[in-house]
Each structure stands twice: as structure tokens, then as C-alpha cells.
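Counting the sequence shown from 1 gives a position; our numbering is that position plus 3.
Here the structure comes first, spelled out in C-alpha cells, and everything after it is commentary.
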Amino acid sequence: MTRAEYRWLLPSDLADDPAEEAAAAPRQAPTPDAPATRHEGTRWWRPGRRRTVRDWVVDTVAFAFAALLGVLAAEASRGMDNAAAVVVADQIVAAAACCALWVRRRWSVQLTAVLSVVGVIAPGVGGALLVALFTAAVRVPFGRLAPLGLFAMACSIAQAVVRPDPSMGLLAGIIASAVLLLLVTGWGMLVRARRQLVVALRERAARAEAEAELRAEQAQRAAREAIAREMHDVLAHRLTLLSVHAGALEFRPDAAPADVARAAGVIRDSAHDALQDLREIIGVLRAPGEGDPDRPQPTLATLDELAAESRQAGMRVTLDNGVPNPSGVPAATGRAVYRVAQEGLTNARKHAPGAEVTVTVRGRPGDGLTVEVRNPAAEDRAAGMPGAGQGLIGLTERAVLAGGRLDHGPLPEGGFALRAWLPWPV
């Protein structure tokens, strides 16, 4: 069952939904004392503060209990040969005290104090005093309850002196009153502690649920960023090849048939590879394991193929790979180096067409891997293509996630340099 279905079984302090309360009106953040103080100074009949069925049953039972003790006290007063006016006054005061119990949820402390004073001369309010003290013990913290309990006990001692019970001695009457007050106060404090525990567990569950939703959102955001970064790294290189050769065919329609055929072949191969990479990424996005498991992932050993592909596209690329055994580099580290070199070649092709690009790789186990892509300034700046810089942002995130770092920026003599360091464990 949901909370709305069993709300009538709960006290009004615990029946309200914290989320609905927060949406209804801004208020101070809930604390463990909230269940005991939330109604103090507020109207119990306001929306969201209505008494539940359980509250009405409890209030009715409390009224009947106080009325029964009031009747017994009135009969005892009549049996002590008191004047008729005194007996009638005791009955009227007891009835008024029982009726006052219906507002005890709003003014529990004030009602307890008034009934304690009235009880000194009217023993018939004893039952109503016990109910009011119990309510105060449930709803106020111990710092406010302790003075109130001591005041009620002092008034009960005074009542045993002013209106003694002939059926028991003075000391017995004082002890009986003190025991009753202590039992009622302890019971109320126990109920208060239980409600505080329930509220604390609710808040902890709500906080855990919110944290779980936040972690899920962060995981989704991280997955989207990883997919976007991978798509940029994979497709940007292919699409720039398409753009370069398509532009060559556009501006050189009189090129030799062999050059046109070679450019068309590069365009066809690049488009095919781009479609294959895009299909694999979309497959992973749909469900893990749906990508092509046989399609090899780029590593440091495939860096020569990347340089050859760029040379085929007309770039001047110098690859200086100082790693003696590229196949011994961890796959994740080698893939990150490959992506850095790929992004550097793509940016050089876009922003510095015709410039010679140098790719340098150095490293050994324990010292890490360093890859640097350097190119001079473009001879014709107008020939470059615009870029948004998203690739460098993605590369920086990739390097940081791998435990490394990435630096990039213009060179003092002109041109651009991209340098990354990645860990290579022993």
C-alpha cells in the first residue's frame, strides 16, 4: 500500500508526505525534532494538517478516559460530604477540562500548565491533566518538558495537601500522583523518540533515493559525453578527409584522370570507414555488445597506418615513433595516444592545410608515454576550415580520465603544438 492508502492509520505528524509539504509552501528544513514541534503554533485543520482517523479515535478515547476519571473524582467528592455547590463546581470544572482536550494538539504546554493549577483545587481535572501532559511529552523537546513536568508535580503535591483523599494518607497520595505523572511523561517521551526515528528513517530513505537518482544521471551524462567524444574522435578524421578531397575535385575539375580516381577512391574508403565506425558506436549506444566484435580497435601499433592514410590524403606527415615495441603498450593507453595523434592531424589538416606535420612518440614502462603533434603556421590562412574546439576538450577529458594530462597552444615561432602525457605502468 502507498502512504495515501494507509494515511488514516498514522498520526497527522507522520501522515503528510514531505515532498508534498515542500511543494505546498517553503519552510525550514526538517530536523529530528520536527514531528514533535511541527504543529505548535499552527492550525491543525489547515490543508495537510487535518487529523487522521487515528487521531480522532485517539482523541475520543482520551476524552472518554478523562471524563471517566472526572466522574470518579466527582463521586469521591460527594462521598467526602462536601457541599452540593462544591460537588457541582467539581463536575463543571472537570467537564470543561475534558472539552479543552480537543485543542491540546495546538496548545499542549499551555493547557498542561493551566490544568496543573486548576487541579490544585479541583481533583476532577486529574484525568485531563494526564492526557495533556502526555501530549506535551510527545510534542515538545525535553528542555521545555522538564520544567513543565516539575511544575505539574509541584501542583499535584499542593493538591494532595489542599484536597486530600481520605482513602489514603498524604504521603501515599503524593507518591501515587508522582508515579502517575512520571509514567505518563516517560510514555510520551518514548512515543516522541519513536516518531523522531520514523522521520529520520524517512529522510534517510528519501536522501538515498535522491542520491541514487543523481548517480544515475551522472552515469548517463558520463556515458553521453564518452559517446560524443568517441564519435568526434572517430568521425572528424574521416570527414576532414572527405572535405579535403571533395574540395580538391571541386576546385580542380581539370585534374588528371589518375588524380581524380585517386581522390575518389580516398573519398569512397573514408566514407566506408566512417559508416563502419558510426554503425559500431550506434550499436554500443543501443545495447552493449551489439557492436562489431571483430572490428579491431586502434592502438599504438596502428599509428603507421594513420600516418599513411594522411599522406595518401596529400598531407606531409613525419612520424617519429621512439617506442621500440608498440604492441607491448597497454591497449587503453595506445588507443589514447592514437586518438591524440588523430586529432592533431585532423586539426592540422583543417587549420593549416599544406603544412608539414610532425608526430613524435616517446616513452617506456614506468615513465609514461608522450605524444606530440606539431605543425608550422599555414601559408594560406584563408584556406583553413573553422572549428569549434570540441575535439581538444574531449582529448583533455580523455587524458585526465586515463590519469595523464594534455597541453596545447600556439608556438612562439608560429604554428601549433599538441602534447599529451599518459601513464604506462611497469
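Ideal Cβ positions, reconstructed from N, Cα and C, are used throughout, including at glycine.
query, result
"Limits of the beta strand (DSSP E) - the one that residue 323 falls within", "319 to 324"
"Nearest residue (CA-CA) to residue 165, options 193, 188 and 126", "126"
"Between the CA atoms of residue 70 and residue 94 - distance to the nearest angstrom", "10 Å"
"Residue 146 versus 192, 258 and 366, residue with shortest Cα-Cα distance", "192"
"Run of the alpha helix (DSSP H) containing residue 347, from where it starts to where it stops", "334 to 354"
"Sufficient close CB pairs (3 or more, under 8 Å) joining the region 272 to 284 to the region 210 to 219", "no"
"Member of 374, 205, 102 and 347 whose CA lies at the smallest distance from the CA of residue 325", "374"
"Per-residue burial, residue 300 [other beta carbons within 10 Å of its own, 16 or more giving buried]", "exposed"
"Bounding residues of the beta strand (DSSP E) (the contiguous stretch that carries residue 407)", "Careful: residue 407 lies outside any beta strand (DSSP E) and carries neither H nor E."
"Extent of the continuous beta strand (DSSP E) to which residue 116 belongs", "It is not in any beta strand (DSSP E) - residue 116 instead sits in the alpha helix (DSSP H) that spans 111 to 121."
"Alpha-carbon spacing of residue 62 relative to residue 101, whole angstroms", "11 Å"
"Backbone CA spacing between residue 141 and residue 78 [nearest angstrom]", "31 Å"
"Distance between residue 122 and residue 114 (C-alpha atoms, nearest Å)", "12 Å"
"Environment of residue 196 [buried if 16+ CB atoms lie within 10 Å]", "exposed"
"Residues that DSSP places opposite residue 413 in a beta bridge", "419"
"Residue 14 versus residue 225 - alpha carbon distance", "44 Å"
"Local conformation of residue 89 per DSSP, three classes", "helix"
"Separation of residue 316 from residue 427, as counted between CA atoms", "32 Å"
"With 16 other Cβ atoms within 10 Å as the buried cut-off, status of residue 328", "exposed"
"Exposure of residue 59, with buried meaning 16 or more beta-carbon neighbours within 10 Å", "exposed"
"The region 353 to 366 touching the region 391 to 408, judged by at least three CB pairs closer than 8 Å", "no"
"Per DSSP, the bridge partner or partners of residue 371", "367"
"Residue 424 (DSSP reduced to helix, strand or coil)", "strand"
"Straight-line Cα distance separating residue 400 from residue 57", "58 Å"
"DSSP state of residue 302 mapped onto helix, strand, coil", "coil"
"Cβ neighbour criterion (16 or more within 10 Å) applied to residue 346", "buried"
"Length of the line joining the Cα atoms of residue 322 and residue 217", "45 Å"
"Residue 148 - containing alpha helix (DSSP H), residue span", "145 to 165"
"Cβ-based neighbour list, residue 335, same chain, cut-off 8 Å, excluding 5 preceding and 5 following", "405"
"Helix, strand or coil at residue 55 according to DSSP, with G and I counted as helix", "coil"
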